[in-house]
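Residue numbers (the numbering used here), protein chains in the order written: chain A, 548 to 989; chain B, 36 to 479.
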């Protein structure tokens, strides 16, 4: 990249394979999924083409494994208000997305908690093959009691979680690297398909995992999927700094983004010797664009009005592992002890620049925008803000939190992307073919 | 319910394939007509295959699977890797939506083992796939039987034979409860009030069993079939009981009409003793087909394919399936009744190829390498249809899982040459009458 060129951004569409993505109540919006069924392929083909038209790096599929059941110790409100429920299995739509597109990558959230690394690495290799090299793996290890109860397992120690994850990655890497280049000869005359001396058996006997076998897939186009992670706790940040090629974080303003970027850069370059530019920091934002500022604000009002209070409380209870039905709506949230997702909690607390936030306010805010910055205005307004985050926040790109779909992505592709391009802040065409290419393009 | 010419039984047809460089016949990847211009690891091959089968009005495309490369023969993977003896094999789940999007009626059966999964995870995956295919999913319930899979998945010991079915029983029970957990009218989706579903109609499944626990409702709303069509392939007595109890369709490899009949009669009797009707279970037998315009051309084609298979490749898959290292026997030795942990039924099938007369290892390898011991219908379209009718009537089954040779050509040939003959004889459907897999299998 030439010295005086403005820093370009990466873009991903952040969604879930469910009736609703993250923002609670969006299924109610008159423009949401009009004549689309999220459970059928056509919707995903359309979403994929829309994002590809917008030259997005990828569609990013979030996931949980089971309905939240922390609020009043039940999943009733989760079900009633469709709080990220139902959510269908995420890997199944990946081939639908990639067969409808040529360039768009797909990030997929798959948990290490209930699938052995041998099986996981086969699943990911297969998807990478079928997409000709466009897969990223969002590595999560599952943190909530609802998920562990569903699977019938005992919740493991938080502290050991990263040790176990390290070993999990080690096994996956060994498997993905086990077929040497040139192992496959496919000689029809001799009948020799592959040279066994170049297909190595992995023999791993560790503290948490054993694995003895040969990887069952030939090397996929990317070799390994792009490693994606969302690390917020100190241990999580180290893990991301070490393994991830792209890191997703949620921070409500440029100051917190800057703090995070500086910290991650320190870890990546000083602690783990990652080469410059090899890891992208991607921050979450929720754009609401209008032809005029007034129109955008009207849109925002309409969207806000859709968030059901009970549903939002069920959401934050599930995310933070704390039953908010035990607290009054006007209680100040900073006074409450919380464990759960570290990063998001800090963001909520700082969302007012340190001002007091009540339980009810926190629920409404989080329930809509998960404490990401909500960028409301014209395309120019939105890009203004994005530029600040890029230039001063250390952002390399953004994960776009959905409102009504597919409309919010259609609008972004049609109105905001051209403004980004005009300011030379975004690609004007795809130049590579794999997802790793797109992320390393700039 | 449609039926063919008066008194004639109609057949169901499926294709027996795998997400790998070969399907079940060894060394087909090396055939000059195999996957020309196609890569098995990319969507276009599967989309085209789906369309061919749908053109041929097949009930379904049936995806087999193994979980790790065979390493029993000579206690090594080397021949498996060298000759591509079902290696590589990629994840079959990923193919379901690809095939589903390229077709409208074709069912898609997928083999997934219960051994390394949980009922909750499995039921979510399968419900989702049934949605994405609009009700065309079948699940071939298998339990893992070979050392290499257990080693790959880090388990110190294999699950013993008997226990496998006990576990699978419990596994299916929990899956079914999860599939039923949302009542039909649970979802109201009232945008005005914001109420999406009635929680009292979404039941939390709480199961604390011998092998599995679960405490959650399903995370997936009910799919078009609610449950995938349940398939099974049980050969041992315990396996047959399991199939008789749970399966809507059963798949079996038997080498002769007599062996087929014995199996089918026994399975239906077991189904009846479980309180079901004999025709509630559809019994589908494996069949290899090598067809050409003339009988001579077909025989020559088959001979060339057989000649291409090194005996080590055939023995590698046989050893892997049966769970016995056949390098311990000489090629001219007779294969006896050995104790195996693998698929006992396949050993039985091989041994009964000559109706009880002894089979040498070399002969067994010849059968196994080309068709896993299943019969081979070779000839012109009339020959093939004749044999299929005979096997259908004498074998007491309901249809065939057609094994592959070179692909997709072998299916193109079958659809173009054999299907019209079967339709003419009133033995196969001319049109689909429904859109779900359960419908196709129960159509007749």
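Ideal placement from N, C-alpha and C gives every residue a C-beta, glycine not left out.
Tell me whether the segment 196-211 of chain B and the segment 149-167 of chain B touch, counting them as touching only if at least three CB pairs, one residue from each stretch, are closer than 8 Å.
In short, these stretches touch, since the Cβ pair count reaches three.
Closer than 9 Å, Cβ to Cβ, to anything on chain B: give me those residues from the segment 763-780 of chain A, in chain order.
Those would be 763, 764, 765 and 767, in chain order.
What does residue 674 of chain A touch in chain B if you count any residue whose Cβ is under 8 Å from its own?
Within chain B, the residues near residue 674 of chain A are 126 and 129.
Pop quiz: residue 924 of chain A and residue 838 of chain A are said to be a contact at Cβ under 8 Å. What is the actual Cβ separation, rounded to whole angstroms?
That pair is no contact at about 10 Å.
Mind checking whether residue 541 of chain A and residue 874 of chain A have CB atoms under 8 Å apart?
Past the boundaries of the shown model lies residue 541 of chain A; chain A is included only from 548 to 989, so the question cannot be answered.
According to DSSP, is residue 646 of chain A part of a helix, a strand, or is it coil?
Helix.
Pick out whichever of B:314, B:318, B:422 and B:352 has its Cα sitting closest to the Cα of residue 298 of chain B.
Considering only alpha carbons, the answer is B:318.
List the whole-angstrom C-beta distance separating residue 827 of chain A from residue 944 of chain A, where the pair is believed to meet the contact cut-off of C-beta under 8 Å.
Sure, about 6 Å apart at Cβ, within 8 Å.
Within 8 Å (strictly less), CB to CB, does residue 735 of chain A reach chain B?
Residue 735 of chain A counts as touching chain B.
Could you check whether the Cβ of residue 153 of chain B sits closer than 8 Å to any Cβ belonging to chain A?
Judged by the 8 Å Cβ criterion, residue 153 of chain B is in contact with chain A.
Any C-beta of chain A sitting closer than 8 Å to the C-beta of residue 230 of chain B?
True, the Cβ-Cβ gap to chain A drops below 8 Å.
Would you check if the distance between the CB atom of residue 356 of chain B and the CB atom of residue 378 of chain B is smaller than 8 Å?
A contact, by the Cβ cut-off of 8 Å.
In whole angstroms, what separates the C-alpha of residue 173 of chain B from that of residue 286 of chain B?
Cα-Cα distance, rounded: 12 Å.
Below 7 Å CB to CB, which residues in the same chain sit around residue 518 of chain A once its five sequence neighbours on both sides are set aside?
Nothing can be reported for residue 518 of chain A, as the shown portion of chain A is limited to 548 through 989.
Quick check on the burial criterion: 16 or more other C-beta atoms within 10 angstroms. Buried or exposed for residue 813 of chain A?
Residue 813 of chain A should be labelled exposed.
What does the Cβ neighbour count give for residue 308 of chain B, buried or exposed, with the cut at 16 atoms within 10 Å?
Residue 308 of chain B comes out exposed.
What residues match up with residue 685 of chain A in a beta bridge as DSSP calls it?
According to DSSP, which records beta bridges pairwise, residue 685 of chain A is partnered with A:656 and A:775.
I need the DSSP call for residue 465 of chain B, collapsed to helix, strand or coil.
Reduced to three states, the DSSP call for residue 465 of chain B is coil.
I want to verify the contact list: residues of chain A whose CB lies under 8 Å from the CB of residue 117 of chain B, in sequence order.
By Cβ distance, chain A contributes 739, 740, 741, 742 and 743.
Could you give the DSSP three-state label for residue 135 of chain B: helix, strand or coil?
Here residue 135 of chain B sits in helix by DSSP.
Apart from the five residues just before and just after residue 397 of chain B, which ones in its own chain have a Cβ nearer than 6 Å to its Cβ?
Cβ within range, chain order: 366.
Counting Cβ pairs closer than 8 Å, one from the segment 115-123 of chain B and one from the segment 137-157 of chain B, do we hit at least three?
No: fewer than three Cβ pairs fall under 8 Å.
Can you tell me whether DSSP reads residue 64 of chain B as helix, strand or coil?
DSSP places residue 64 of chain B in helix when its eight states are reduced to three.
Identify, in the order they occur along the chain, each residue of the same chain with its Cβ nearer than 7 Å to the Cβ of residue 38 of chain B, setting aside the five sequence neighbours on each side.
Reliability of the predicted coordinates at residue 38 of chain B is poor, the pLDDT of 48 falling under 50, and no value is obtained from them.
So is residue 762 of chain A buried or exposed if we call it buried at 16+ other beta carbons inside 10 Å?
Per the 10 Å Cβ criterion, buried.
Counting only runs that start and end within the segment 776-802 of chain A, where is the beta strand (DSSP E) found for 3 or more residues in a row?
Runs of the beta strand (DSSP E) inside the segment 776-802 of chain A: 793-796.
Measure the CB-CB distance between residue 132 of chain B and residue 161 of chain B and report whether it falls below 8 Å.
Not in contact: residue 132 of chain B and residue 161 of chain B (Cβ atoms no closer than 8 Å).
Quick check: the segment 135-148 of chain B against the segment 767-787 of chain A, are there 3 or more CB pairs under 8 Å?
Verdict: no, contact absent.
According to DSSP, which residues form a beta bridge with residue 984 of chain A?
DSSP, once it has assigned bridges, lists no residue as partnering residue 984 of chain A.
Can you grab the Cα-Cα spacing for the pair residue 314 of chain B / residue 415 of chain B, in whole Å?
Taking the straight line from one Cα to the other gives about 32 Å.
With respect to the beta strand (DSSP E) encompassing residue 866 of chain A, which residues constitute its N-terminal and C-terminal limits?
Here residue 866 of chain A belongs to no beta strand (DSSP E); instead the alpha helix (DSSP H) covers 856-867.
Answer with buried or exposed for residue 456 of chain B, where buried requires no fewer than 16 other C-beta atoms within 10 angstroms of its C-beta.
By the neighbour-count rule (16 or more Cβ atoms within 10 Å), residue 456 of chain B is buried.
Mind listing the chain A neighbours of residue 472 of chain B? Cutoff is C-beta to C-beta under 7 Å, in chain order.
Residues of chain A passing the Cβ test: none, with the nearest at roughly 17 Å.
List the residues of chain B that residue 746 of chain A touches, going by C-beta distances under 7 Å, in chain order.
Under the 7 Å cutoff, chain B gives 116.
So does the segment 140-151 of chain B actually touch the segment 240-260 of chain B, counting three or more Cβ pairs closer than 8 Å?
Not touching, per the Cβ criterion.
When DSSP builds the beta bridges, which residues end up paired with residue 758 of chain A?
Answer by DSSP bridge pairing, in chain order: A:751.
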